[in-house]
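Below: one structure, written as structure tokens.
Protein chains in written order, with the numbering used here: chain A, 1 to 122; chain B, 1001 to 1107.
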């Protein structure tokens, strides 16, 4: 059973960088055809895809966040990371990491972390 | 961007009711449509992928149908544990994955 766990600071100051990690257990981040993803959810709002990465490929980002986002994997630690630069209050949200599985041409999120609430405030 | 529109935004139903949630895509997305259930304070849970394929472990009272731009999620007999918010997600454009706005189901 794959498990994901987000970690990082719950409070970030405006204009600083939000940095989160996602530890993966119960499976290797570098095996299989899965992709590793970050998704966020503003309070009381719908889900927003941030981006995904394959363990040996380039990341892909939501165009609305691309200029400020870096997603990477560390296969030695079996973890996924997110960096979001120049944050504002609009980046206050619950951040989830998730495994994106491919089935034919379908891509969907079958395992999720519990999420971490990040508040941007001075 | 492919916009996903869900209706209704919320509904209240009784145990045993048949419940249907609709998801419409702004462009045709074939069957690249997936459904999730989210309970308060929890991560979403995958229910259905490929428009109609039930994820392992999900009760058979959940079903999905549709293709192109019109999709439905049906709960054949609503149970108390089915409360929560339901989201659709398209993966036709994998370079910009988008979700619907959600449908809140109250028992």
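A virtual CB, placed ideally from N, CA and C, is assigned to each residue, including glycine.
Since this is a predicted model, take the numbers as computed values, not measurements.
Worksheet item: Cβ of residue 14 of chain A less than 9 Å from any chain B Cβ?
Response: Start at 1 with the first residue of the first chain, and residue 14 of chain A comes out as number 14. Answer no: the Cβ-Cβ gap between residue 14 of chain A and chain B never drops below 9 Å.
Worksheet item: Is residue 1097 of chain B closer than 9 Å to residue 95 of chain A when the C-beta atoms are compared?
Response: Locating residue 95 of chain A in the first chain gives position 95, where the first residue counts as 1. Locating residue 1097 of chain B in the second chain gives position 97, where the first residue counts as 1. No; because the gap between Cβ atoms is not below 9 Å, this pair is not in contact.
Fill in: Three or more C-beta pairs below 8 Å linking the stretch 27-36 of chain A and the stretch 97-114 of chain A
yes
Item to complete: Please determine if the stretch 1022-1038 of chain B and the stretch 1088-1104 of chain B are in contact, where contact requires at least 3 C-beta pairs separated by less than 8 Å.
Response: yes
Fill in: Own chain partners of residue 78 of chain A with C-beta closer than 6 Å, once the 5 adjacent residues on each side are dropped
The sequence position of residue 78 of chain A within the first chain is 78, counting from 1. Cβ within range, chain order: 24, 29.
Worksheet item: Using a beta-carbon distance below 9 Å, is residue 104 of chain A in contact with chain B?
Response: On the first chain, residue 104 of chain A is found 104 positions in, with the first residue counted as 1. Taking Cβ atoms only, chain B reaches closer than 9 Å to residue 104 of chain A, which makes this a yes.
Item to complete: Assign residue 1082 of chain B to one of two classes, buried (16 or more other C-beta atoms within 10 Å of its C-beta) or exposed (fewer than that).
Response: Indexing the second chain from 1 puts residue 1082 of chain B at position 82. It is buried - the Cβ of residue 1082 of chain B has at least 16 other Cβ atoms within 10 Å.
Worksheet item: Which of the three DSSP states, helix, strand or coil, is assigned to residue 91 of chain A?
Response: Locating residue 91 of chain A in the first chain gives position 91, counting from the first residue. DSSP places residue 91 of chain A in helix when its eight states are reduced to three.
Worksheet item: Out of curiosity, what's the CA-to-CA distance linking residue 1052 of chain B and residue 15 of chain A?
Response: Position 52 of the second chain holds residue 1052 of chain B. Position 15 of the first chain holds residue 15 of chain A. Their backbone Cα atoms lie some 44 Å apart in a straight line.
Item to complete: Please state whether DSSP places residue 67 of chain A in a helix, a strand or coil.
Response: Position 67 of the first chain holds residue 67 of chain A. Three-state result, residue 67 of chain A: helix.
Fill in: Whole-Å CB distance - residue 1020 of chain B paired with residue 1085 of chain B, under 8 Å assumed
To locate residue 1020 of chain B, count along the second chain from 1; it is residue 20. To locate residue 1085 of chain B, count along the second chain from 1; it is residue 85. Not a contact, Cβ separation roughly 16 Å.
Fill in: Interface residues of the stretch 79-111 of chain A facing chain B [CB-CB below 7 Å]
96, 103, 105, 106, 107, 108, 109, 110
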